[in-house]
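Colleague:
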Amino acid sequence: MRSLQDGIGTRSSAITHEEEEAIASAIEAALRQGTIRPAFQPIVHFKTGAIACFEVLARWTDETFGPMPPARFVPIAERHGLAANLARHLIRTACLSALDWGGSFRLAFNISPLHFQDRAMPSLFEESVQATGFPLERTKIEITETAVIGDIEAARVAADLLRGKGVKIALDDFGTGHSSLTRLRALPFDEIKLDGSFVRTMEESEESRQIVGAVISLGRSLGAPVVAEGVETEQQAEALARLDCDYAQGWLFGRPVPAAEAPAMLHARGAMSFTPTPRYPSGEQRLSQMEAIYAAAPIALVFVDRALRVGVANRRFSALMGLDARALAGRSLGEIDPAAMAQVHADLERARRGEPIPPRIWFLPAGRNAALCHTAPARDEAGELLGLSLAVTELPNQG
1 MRSLQDGIGT RSSAITHEEE EAIASAIEAA LRQGTIRPAF QPIVHFKTGA IACFEVLARW
61 TDETFGPMPP ARFVPIAERH GLAANLARHL IRTACLSALD WGGSFRLAFN ISPLHFQDRA
121 MPSLFEESVQ ATGFPLERTK IEITETAVIG DIEAARVAAD LLRGKGVKIA LDDFGTGHSS
181 LTRLRALPFD EIKLDGSFVR TMEESEESRQ IVGAVISLGR SLGAPVVAEG VETEQQAEAL
241 ARLDCDYAQG WLFGRPVPAA EAPAMLHARG AMSFTPTPRY PSGEQRLSQM EAIYAAAPIA
301 LVFVDRALRV GVANRRFSAL MGLDARALAG RSLGEIDPAA MAQVHADLER ARRGEPIPPR
361 IWFLPAGRNA ALCHTAPARD EAGELLGLSL AVTELPNQG
(Lines of atoms letter the chains of each structure in order from A and count residues from 1; the text may use other names and numbers.)
(Lines give C-alpha, C1' and ligand atoms only; values in the text may rest on other atoms or scores of the structure.)
Protein backbone atom coordinates (compact mmCIF):
# COMPACT_ATOMS: atom_id res chain seq x y z
CA MET A 1 0.00 0.00 0.00
CA ARG A 2 1.29 3.45 -0.82
CA SER A 3 -0.02 6.23 1.41
CA LEU A 4 0.84 9.91 1.45
CA GLN A 5 3.95 8.93 3.38
CA ASP A 6 5.25 6.67 0.61
CA GLY A 7 6.37 6.79 -2.98
CA ILE A 8 8.44 9.26 -4.94
CA GLY A 9 5.86 11.96 -5.70
CA THR A 10 3.56 13.37 -2.99
CA ARG A 11 2.43 16.58 -1.32
CA SER A 12 4.20 18.44 1.49
CA SER A 13 2.85 20.32 4.49
CA ALA A 14 3.39 24.07 4.87
CA ILE A 15 6.87 25.04 6.07
CA THR A 16 8.82 28.28 6.24
CA HIS A 17 11.26 29.37 3.55
CA GLU A 18 14.20 28.86 5.92
CA GLU A 19 13.06 25.33 6.79
CA GLU A 20 12.67 24.47 3.12
CA GLU A 21 16.15 25.70 2.29
CA ALA A 22 17.59 23.66 5.14
CA ILE A 23 15.75 20.52 4.05
CA ALA A 24 16.87 21.02 0.43
CA SER A 25 20.50 21.19 1.60
CA ALA A 26 19.95 18.06 3.71
CA ILE A 27 18.52 16.24 0.67
CA GLU A 28 21.60 17.10 -1.38
CA ALA A 29 23.82 15.79 1.40
CA ALA A 30 21.71 12.64 1.79
CA LEU A 31 22.01 11.89 -1.93
CA ARG A 32 25.78 12.25 -1.75
CA GLN A 33 25.96 10.03 1.34
CA GLY A 34 23.39 7.50 0.17
CA THR A 35 21.21 7.80 3.27
CA ILE A 36 17.93 7.95 1.32
CA ARG A 37 17.24 4.26 0.86
CA PRO A 38 14.63 2.13 -0.88
CA ALA A 39 12.17 -0.08 0.95
CA PHE A 40 10.35 -2.92 -0.80
CA GLN A 41 6.67 -3.84 -0.39
CA PRO A 42 5.41 -7.03 -2.09
CA ILE A 43 2.51 -7.23 -4.53
CA VAL A 44 1.16 -10.77 -4.56
CA HIS A 45 -0.86 -12.85 -6.99
CA PHE A 46 -4.24 -13.61 -5.40
CA LYS A 47 -4.63 -17.18 -6.60
CA THR A 48 -1.10 -18.40 -5.83
CA GLY A 49 0.16 -15.99 -3.16
CA ALA A 50 3.45 -15.65 -5.07
CA ILE A 51 5.23 -12.30 -5.24
CA ALA A 52 4.74 -10.69 -8.63
CA CYS A 53 6.31 -7.34 -7.90
CA PHE A 54 7.96 -5.15 -5.27
CA GLU A 55 6.91 -1.51 -5.04
CA VAL A 56 9.94 0.64 -4.25
CA LEU A 57 9.34 3.26 -1.54
CA ALA A 58 11.70 6.00 -0.32
CA ARG A 59 12.90 5.98 3.29
CA TRP A 60 15.05 8.67 4.90
CA THR A 61 15.97 9.55 8.49
CA ASP A 62 17.99 12.76 8.78
CA GLU A 63 20.27 13.52 11.75
CA THR A 64 18.71 16.96 12.21
CA PHE A 65 15.11 16.55 11.05
CA GLY A 66 14.56 12.93 12.09
CA PRO A 67 12.34 10.58 10.02
CA MET A 68 11.37 12.40 6.81
CA PRO A 69 8.35 11.03 4.92
CA PRO A 70 8.40 11.47 1.12
CA ALA A 71 5.24 13.57 1.48
CA ARG A 72 7.50 16.20 3.03
CA PHE A 73 10.81 16.00 1.22
CA VAL A 74 9.93 14.96 -2.36
CA PRO A 75 8.06 18.18 -3.29
CA ILE A 76 10.98 20.17 -1.90
CA ALA A 77 13.38 18.14 -4.06
CA GLU A 78 11.21 18.93 -7.08
CA ARG A 79 11.12 22.66 -6.36
CA HIS A 80 14.91 22.76 -5.93
CA GLY A 81 15.75 20.82 -9.08
CA LEU A 82 16.72 17.63 -7.25
CA ALA A 83 13.94 15.33 -8.54
CA ALA A 84 16.05 13.76 -11.28
CA ASN A 85 18.96 13.03 -8.93
CA LEU A 86 16.59 11.59 -6.34
CA ALA A 87 14.86 9.34 -8.89
CA ARG A 88 18.20 8.20 -10.34
CA HIS A 89 19.51 7.34 -6.87
CA LEU A 90 16.44 5.33 -5.82
CA ILE A 91 16.18 3.47 -9.14
CA ARG A 92 19.85 2.49 -9.17
CA THR A 93 19.97 1.54 -5.50
CA ALA A 94 16.82 -0.58 -5.71
CA CYS A 95 17.86 -2.35 -8.92
CA LEU A 96 21.34 -3.11 -7.60
CA SER A 97 19.83 -4.50 -4.39
CA ALA A 98 17.41 -6.78 -6.28
CA LEU A 99 19.89 -7.96 -8.90
CA ASP A 100 20.83 -11.20 -7.14
CA TRP A 101 17.56 -12.10 -5.45
CA GLY A 102 16.46 -14.58 -8.11
CA GLY A 103 12.99 -14.97 -9.62
CA SER A 104 11.21 -12.95 -12.28
CA PHE A 105 9.42 -10.39 -10.11
CA ARG A 106 9.15 -6.77 -11.22
CA LEU A 107 10.26 -3.60 -9.47
CA ALA A 108 7.70 -0.77 -9.48
CA PHE A 109 8.69 2.88 -9.11
CA ASN A 110 6.41 5.83 -8.33
CA ILE A 111 7.07 8.78 -10.62
CA SER A 112 5.54 12.15 -9.76
CA PRO A 113 3.20 13.73 -12.33
CA LEU A 114 5.62 16.64 -12.75
CA HIS A 115 8.61 14.39 -13.41
CA PHE A 116 6.61 12.01 -15.63
CA GLN A 117 5.92 14.86 -18.06
CA ASP A 118 9.59 15.80 -18.23
CA ARG A 119 10.85 14.83 -21.71
CA ALA A 120 14.13 13.65 -20.18
CA MET A 121 12.43 11.24 -17.77
CA PRO A 122 12.19 8.15 -20.07
CA SER A 123 15.91 8.32 -20.88
CA LEU A 124 16.81 8.89 -17.23
CA PHE A 125 14.76 5.87 -16.17
CA GLU A 126 16.16 3.60 -18.88
CA GLU A 127 19.76 4.60 -18.27
CA SER A 128 19.43 4.30 -14.48
CA VAL A 129 18.09 0.74 -14.72
CA GLN A 130 20.48 -0.43 -17.43
CA ALA A 131 23.48 0.88 -15.52
CA THR A 132 22.80 -1.77 -12.86
CA GLY A 133 22.28 -4.76 -15.13
CA PHE A 134 18.72 -5.31 -13.87
CA PRO A 135 16.40 -6.26 -16.78
CA LEU A 136 14.49 -3.19 -17.99
CA GLU A 137 11.55 -5.39 -18.98
CA ARG A 138 11.13 -6.35 -15.32
CA THR A 139 10.41 -2.78 -14.24
CA LYS A 140 7.19 -0.84 -13.92
CA ILE A 141 6.30 2.82 -13.46
CA GLU A 142 3.29 3.84 -11.37
CA ILE A 143 1.66 7.19 -12.08
CA THR A 144 -1.48 8.80 -10.73
CA GLU A 145 -4.42 10.16 -12.71
CA THR A 146 -2.97 13.64 -12.21
CA ALA A 147 -0.26 12.85 -14.74
CA VAL A 148 -2.92 11.89 -17.28
CA ILE A 149 -5.08 14.96 -16.72
CA GLY A 150 -2.24 17.49 -16.60
CA ASP A 151 -0.81 16.91 -20.07
CA ILE A 152 -2.19 13.88 -21.87
CA GLU A 153 0.09 14.25 -24.88
CA ALA A 154 3.27 14.49 -22.80
CA ALA A 155 2.16 11.51 -20.72
CA ARG A 156 1.41 9.48 -23.85
CA VAL A 157 4.82 10.23 -25.38
CA ALA A 158 6.61 9.19 -22.18
CA ALA A 159 4.49 6.05 -21.77
CA ASP A 160 4.99 5.01 -25.41
CA LEU A 161 8.76 5.40 -25.15
CA LEU A 162 8.94 3.34 -21.98
CA ARG A 163 6.52 0.63 -23.08
CA GLY A 164 8.53 0.28 -26.27
CA LYS A 165 11.45 -0.76 -24.07
CA GLY A 166 9.36 -3.31 -22.14
CA VAL A 167 8.53 -1.14 -19.11
CA LYS A 168 4.98 -1.58 -17.80
CA ILE A 169 2.79 1.41 -16.90
CA ALA A 170 0.36 1.23 -13.97
CA LEU A 171 -2.36 3.75 -13.17
CA ASP A 172 -2.01 4.32 -9.43
CA ASP A 173 -4.59 5.30 -6.77
CA PHE A 174 -7.40 4.70 -9.25
CA GLY A 175 -10.82 5.92 -8.15
CA THR A 176 -9.69 9.01 -6.25
CA GLY A 177 -9.22 11.32 -9.25
CA HIS A 178 -11.56 12.63 -11.89
CA SER A 179 -10.32 11.04 -15.10
CA SER A 180 -12.97 10.06 -17.64
CA LEU A 181 -12.67 6.78 -19.52
CA THR A 182 -11.74 8.85 -22.57
CA ARG A 183 -8.68 10.19 -20.74
CA LEU A 184 -7.76 6.78 -19.39
CA ARG A 185 -7.91 5.19 -22.82
CA ALA A 186 -5.69 7.97 -24.16
CA LEU A 187 -2.79 6.60 -22.09
CA PRO A 188 -1.57 3.06 -22.83
CA PHE A 189 -1.47 1.69 -19.28
CA ASP A 190 -1.00 -2.01 -18.47
CA GLU A 191 -2.45 -2.20 -14.97
CA ILE A 192 -4.91 -0.50 -12.62
CA LYS A 193 -4.13 0.00 -8.93
CA LEU A 194 -7.31 0.39 -6.89
CA ASP A 195 -6.91 2.97 -4.15
CA GLY A 196 -6.74 1.45 -0.68
CA SER A 197 -9.38 3.77 0.78
CA PHE A 198 -12.10 1.74 -0.96
CA VAL A 199 -10.64 -1.58 0.18
CA ARG A 200 -10.44 -0.48 3.82
CA THR A 201 -14.12 0.52 3.87
CA MET A 202 -15.53 -2.44 1.92
CA GLU A 203 -16.96 -4.15 4.99
CA GLU A 204 -18.88 -1.07 6.18
CA SER A 205 -19.76 0.68 2.93
CA GLU A 206 -21.96 -0.71 0.16
CA GLU A 207 -20.76 2.14 -2.05
CA SER A 208 -17.12 1.10 -1.57
CA ARG A 209 -17.99 -2.52 -2.42
CA GLN A 210 -19.72 -1.38 -5.59
CA ILE A 211 -16.76 0.79 -6.58
CA VAL A 212 -14.32 -2.07 -5.99
CA GLY A 213 -16.44 -4.42 -8.08
CA ALA A 214 -16.82 -1.85 -10.84
CA VAL A 215 -13.07 -1.17 -11.04
CA ILE A 216 -12.28 -4.90 -11.21
CA SER A 217 -14.87 -5.26 -13.99
CA LEU A 218 -13.36 -2.27 -15.78
CA GLY A 219 -9.94 -3.89 -15.61
CA ARG A 220 -11.32 -7.10 -17.07
CA SER A 221 -13.02 -5.25 -19.91
CA LEU A 222 -9.80 -3.36 -20.73
CA GLY A 223 -7.57 -6.42 -20.39
CA ALA A 224 -5.65 -4.71 -17.54
CA PRO A 225 -4.96 -6.60 -14.27
CA VAL A 226 -6.17 -4.90 -11.10
CA VAL A 227 -4.06 -4.54 -7.94
CA ALA A 228 -6.00 -3.85 -4.74
CA GLU A 229 -3.98 -1.61 -2.41
CA GLY A 230 -4.37 -1.39 1.36
CA VAL A 231 -5.38 -5.01 2.04
CA GLU A 232 -5.04 -5.42 5.79
CA THR A 233 -7.49 -8.14 6.87
CA GLU A 234 -8.43 -11.68 5.83
CA GLN A 235 -12.02 -10.51 5.35
CA GLN A 236 -10.93 -7.89 2.81
CA ALA A 237 -8.79 -10.45 0.99
CA GLU A 238 -11.66 -12.95 0.84
CA ALA A 239 -14.05 -10.32 -0.52
CA LEU A 240 -11.55 -9.29 -3.20
CA ALA A 241 -10.93 -12.93 -4.14
CA ARG A 242 -14.68 -13.43 -4.61
CA LEU A 243 -14.65 -10.47 -7.01
CA ASP A 244 -11.80 -12.11 -8.96
CA CYS A 245 -9.26 -9.39 -8.21
CA ASP A 246 -5.89 -10.20 -9.78
CA TYR A 247 -3.28 -8.92 -7.30
CA ALA A 248 -3.10 -7.51 -3.79
CA GLN A 249 -0.80 -5.23 -1.81
CA GLY A 250 -1.00 -4.32 1.86
CA TRP A 251 0.10 -5.16 5.37
CA LEU A 252 -1.70 -8.52 5.27
CA PHE A 253 0.82 -9.68 2.67
CA GLY A 254 3.86 -7.74 3.84
CA ARG A 255 4.97 -4.30 5.03
CA PRO A 256 7.72 -2.35 3.30
CA VAL A 257 11.07 -3.85 4.29
CA PRO A 258 14.74 -2.95 3.77
CA ALA A 259 16.58 -4.65 0.92
CA ALA A 260 18.22 -7.14 3.29
CA GLU A 261 14.82 -8.58 4.30
CA ALA A 262 13.23 -8.87 0.85
CA PRO A 263 14.93 -12.17 -0.18
CA ALA A 264 13.35 -13.91 2.83
CA MET A 265 9.91 -12.78 1.58
CA LEU A 266 10.69 -14.23 -1.85
CA HIS A 267 11.84 -17.49 -0.32
CA ALA A 268 8.68 -17.78 1.78
CA ARG A 269 6.19 -16.94 -0.96
CA GLY A 270 8.00 -17.64 -4.21
CA ALA A 271 8.19 -15.28 -7.17
CA MET A 272 6.35 -15.12 -10.46
CA SER A 273 6.22 -12.96 -13.54
CA PHE A 274 3.81 -10.06 -13.31
CA THR A 275 2.79 -10.38 -16.98
CA PRO A 276 -0.51 -12.28 -17.08
CA THR A 277 -1.35 -14.84 -19.75
CA PRO A 278 -4.21 -13.49 -21.87
CA ARG A 279 -7.34 -15.52 -21.22
CA TYR A 280 -9.75 -13.75 -23.53
CA PRO A 281 -9.74 -11.09 -26.28
CA SER A 282 -9.03 -7.49 -25.50
CA GLY A 283 -11.88 -5.43 -24.10
CA GLU A 284 -12.45 -3.58 -27.37
CA GLN A 285 -12.42 -6.80 -29.43
CA ARG A 286 -14.90 -8.48 -27.11
CA LEU A 287 -17.21 -5.47 -27.03
CA SER A 288 -17.11 -5.20 -30.83
CA GLN A 289 -18.04 -8.88 -31.16
CA MET A 290 -20.90 -8.52 -28.69
CA GLU A 291 -22.19 -5.35 -30.30
CA ALA A 292 -22.32 -7.04 -33.71
CA ILE A 293 -24.19 -10.05 -32.34
CA TYR A 294 -26.59 -7.97 -30.26
CA ALA A 295 -27.38 -5.52 -33.07
CA ALA A 296 -28.52 -8.33 -35.35
CA ALA A 297 -30.60 -10.16 -32.73
CA PRO A 298 -34.40 -10.16 -33.24
CA ILE A 299 -35.03 -9.80 -29.47
CA ALA A 300 -33.96 -7.37 -26.77
CA LEU A 301 -30.49 -8.18 -25.40
CA VAL A 302 -28.33 -6.60 -22.71
CA PHE A 303 -25.02 -7.61 -21.11
CA VAL A 304 -24.29 -6.51 -17.52
CA ASP A 305 -20.96 -7.02 -15.75
CA ARG A 306 -20.49 -8.37 -12.22
CA ALA A 307 -21.23 -4.91 -10.83
CA LEU A 308 -24.52 -5.01 -12.78
CA ARG A 309 -23.48 -2.16 -15.05
CA VAL A 310 -24.57 -2.22 -18.68
CA GLY A 311 -21.77 -3.12 -21.05
CA VAL A 312 -23.70 -3.65 -24.29
CA ALA A 313 -27.42 -3.21 -25.04
CA ASN A 314 -29.16 -3.35 -28.40
CA ARG A 315 -31.83 -1.00 -29.68
CA ARG A 316 -34.65 -3.38 -28.90
CA PHE A 317 -33.69 -3.41 -25.22
CA SER A 318 -33.30 0.37 -25.04
CA ALA A 319 -36.74 0.72 -26.60
CA LEU A 320 -38.24 -1.52 -23.89
CA MET A 321 -36.59 0.69 -21.26
CA GLY A 322 -37.83 3.84 -22.98
CA LEU A 323 -34.26 5.19 -23.27
CA ASP A 324 -31.78 6.07 -25.98
CA ALA A 325 -29.25 3.23 -26.49
CA ARG A 326 -26.36 5.67 -26.02
CA ALA A 327 -27.65 6.53 -22.55
CA LEU A 328 -27.41 2.93 -21.30
CA ALA A 329 -23.73 1.98 -21.60
CA GLY A 330 -21.87 2.18 -18.30
CA ARG A 331 -24.96 2.81 -16.20
CA SER A 332 -26.00 0.65 -13.29
CA LEU A 333 -29.07 -1.47 -13.93
CA GLY A 334 -30.44 -0.03 -10.70
CA GLU A 335 -30.43 3.44 -12.26
CA ILE A 336 -32.32 2.19 -15.32
CA ASP A 337 -34.90 0.01 -13.58
CA PRO A 338 -34.62 -0.11 -9.75
CA ALA A 339 -37.39 -2.73 -9.50
CA ALA A 340 -35.39 -5.22 -11.56
CA MET A 341 -32.12 -4.77 -9.66
CA ALA A 342 -32.87 -7.25 -6.85
CA GLN A 343 -33.98 -9.95 -9.27
CA VAL A 344 -30.92 -9.61 -11.51
CA HIS A 345 -28.64 -9.53 -8.45
CA ALA A 346 -30.21 -12.83 -7.36
CA ASP A 347 -29.51 -14.22 -10.85
CA LEU A 348 -25.88 -13.13 -10.52
CA GLU A 349 -25.54 -14.98 -7.20
CA ARG A 350 -26.99 -18.13 -8.79
CA ALA A 351 -24.44 -17.81 -11.58
CA ARG A 352 -21.61 -17.46 -9.03
CA ARG A 353 -22.76 -20.71 -7.38
CA GLY A 354 -23.09 -22.47 -10.72
CA GLU A 355 -26.86 -22.91 -10.30
CA PRO A 356 -29.36 -22.77 -13.21
CA ILE A 357 -31.17 -19.44 -13.64
CA PRO A 358 -34.91 -19.88 -14.27
CA PRO A 359 -36.82 -17.54 -16.62
CA ARG A 360 -38.82 -14.83 -14.90
CA ILE A 361 -41.27 -12.06 -15.57
CA TRP A 362 -39.81 -8.55 -15.93
CA PHE A 363 -42.31 -5.81 -15.21
CA LEU A 364 -41.07 -3.12 -17.56
CA PRO A 365 -40.84 0.51 -16.42
CA ALA A 366 -42.94 3.43 -17.63
CA GLY A 367 -46.20 1.47 -17.60
CA ARG A 368 -45.15 -0.86 -20.42
CA ASN A 369 -46.21 -4.49 -20.79
CA ALA A 370 -44.53 -7.22 -18.82
CA ALA A 371 -41.73 -9.20 -20.46
CA LEU A 372 -40.19 -12.67 -20.18
CA CYS A 373 -36.49 -12.57 -19.24
CA HIS A 374 -34.05 -15.41 -19.91
CA THR A 375 -30.69 -14.93 -18.16
CA ALA A 376 -27.44 -16.74 -18.93
CA PRO A 377 -24.01 -16.37 -17.32
CA ALA A 378 -21.23 -14.98 -19.54
CA ARG A 379 -17.85 -16.59 -18.88
CA ASP A 380 -14.39 -16.31 -20.36
CA GLU A 381 -12.25 -19.18 -21.72
CA ALA A 382 -11.07 -20.04 -18.21
CA GLY A 383 -14.65 -20.31 -16.96
CA GLU A 384 -14.51 -17.13 -14.88
CA LEU A 385 -17.77 -15.22 -14.58
CA LEU A 386 -17.73 -11.93 -16.51
CA GLY A 387 -21.38 -10.98 -16.05
CA LEU A 388 -24.86 -11.86 -17.29
CA SER A 389 -26.52 -11.84 -20.70
CA LEU A 390 -30.25 -11.08 -20.56
CA ALA A 391 -32.69 -11.82 -23.38
CA VAL A 392 -36.00 -9.98 -22.90
CA THR A 393 -39.19 -10.63 -24.86
CA GLU A 394 -42.19 -8.36 -24.38
CA LEU A 395 -45.38 -10.30 -23.61
CA PRO A 396 -48.68 -9.55 -25.37
CA ASN A 397 -50.95 -7.05 -23.66
CA GLN A 398 -53.41 -9.02 -21.54
CA GLY A 399 -55.77 -6.10 -21.25
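Per the UniProt record's numbering, residue 1 is the first one in the sequence shown, and the count goes up by one each step. Each residue gets a CB set at the ideal place from its N, CA and C atoms; glycine is no exception. Remember, predicted model here, so these are calculated numbers, not experimental data.
1. For residue 95, which of helix, strand or coil comes out of DSSP?
2. Between which residues of its own chain and residue 116 is the CB-CB distance below 7 Å, once the five residues before and five after are set aside?
3. For residue 262 and residue 316, what's the separation of their Cα atoms in angstroms?
4. Note down, in chain order, each residue of its chain lying with its Cβ closer than 7 Å to the Cβ of residue 332, except the 5 sequence neighbours on either side.
5. What's the C-alpha gap between residue 369 and residue 324?
6. Less than 6 Å between C-beta atoms, sequence neighbours within five positions excluded: which residues of the same chain meet that for residue 192?
7. Restricting to Cα atoms, I'd like to know which of 258, 94 and 238 is closest to residue 138.
8. Between residue 98 and residue 336, what straight-line distance do the alpha-carbon atoms span, to the nearest angstrom?
9. Within 7 Å: the Cβ of residue 353 and any heavy atom of the ligand SAM?
10. Which residue's Cα is closest to the Cα of residue 268: 66, 101 and 131?
11. Taking the CB atoms as reference points, tell me whether residue 58 and residue 36 lie closer together than 8 Å.
12. Among 245, 133, 249 and 26, whose alpha-carbon lies nearest the alpha-carbon of residue 384?
13. Taking the CB atoms as reference points, tell me whether residue 254 and residue 230 lie closer together than 8 Å.
14. Quick one: is residue 168 buried, meaning 16 or more other Cβ sit within 10 Å of its Cβ, or exposed?
15. Who does residue 373 pair with in a DSSP beta bridge?
16. Less than 8 Å between C-beta atoms, sequence neighbours within five positions excluded: which residues of the same chain meet that for residue 243?
17. Spell out a yes or no on whether the stretch 117-125 and the stretch 64-81 are touching, meaning 3 or more CB-CB pairs, one atom from each, closer than 8 Å.
18. With distances taken from CA atoms, which of 222, 187 and 348 is nearest residue 378?
19. Enumerate, from N- to C-terminal direction, the unbroken alpha helix (DSSP H) stretches of 4 or more residues contained entirely within the stretch 155-237.
20. Starting from the N-terminal side, write out each stretch of the beta strand (DSSP E) that is 3 residues or longer and does not extend beyond the stretch 50-89.
21. Assign residue 33 to one of three DSSP states: helix, strand, or coil.
22. Does DSSP put residue 379 in a helix, in a strand, or in coil?
23. In three-state DSSP terms, what is residue 338?
Modeller: In short:
1. Residue 95 falls in the helix class under three-state DSSP.
2. Close CB contacts of residue 116 within its chain, under the 7 Å cut and outside five residues either way in sequence, are with 143, 147, 155 and 158 (chain order).
3. Each residue's alpha carbon lies about 57 Å from the other.
4. For residue 332, same chain residues with a beta-carbon under 7 Å away, outside a window of 5 residues either side, are 308 and 309 in chain order.
5. Approximately 19 Å between the Cα atoms of the pair.
6. Hits under 6 Å: 171, 174, 219, 224 and 226.
7. Looking at the Cα atoms, 94 is the closest of the given residues.
8. Straight-line Cα distance between these residues: approximately 51 Å.
9. With respect to small molecules bound, the structure shown includes none, and the ligand SAM cannot be examined in it.
10. Closest by alpha carbon: 101.
11. Closer than 8 Å, so yes.
12. Residue 245 is the option with its Cα nearest to residue 384.
13. Cβ distance not < 8 Å, so residue 254 and residue 230 don't count as in contact.
14. Buried is the call here.
15. Its beta-bridge partners are 360 and 392.
16. Result list for residue 243: 212, 213, 216 and 306, in chain order.
17. The stretch 117-125, when compared against the stretch 64-81, does not touch it at the 8 Å Cβ threshold.
18. Residue 348 is the option with its Cα nearest to residue 378.
19. The DSSP assignment places 181-186, 196-200 and 206-222 as complete runs of the alpha helix (DSSP H) inside the stretch 155-237, in order along the chain (cut-off: 4 residues).
20. 51-59, all fully within the stretch 50-89.
21. Helix.
22. Of the three classes helix, strand and coil, the one that applies to residue 379 here is strand, per DSSP.
23. For residue 338, the three-state secondary structure derived from DSSP is helix.
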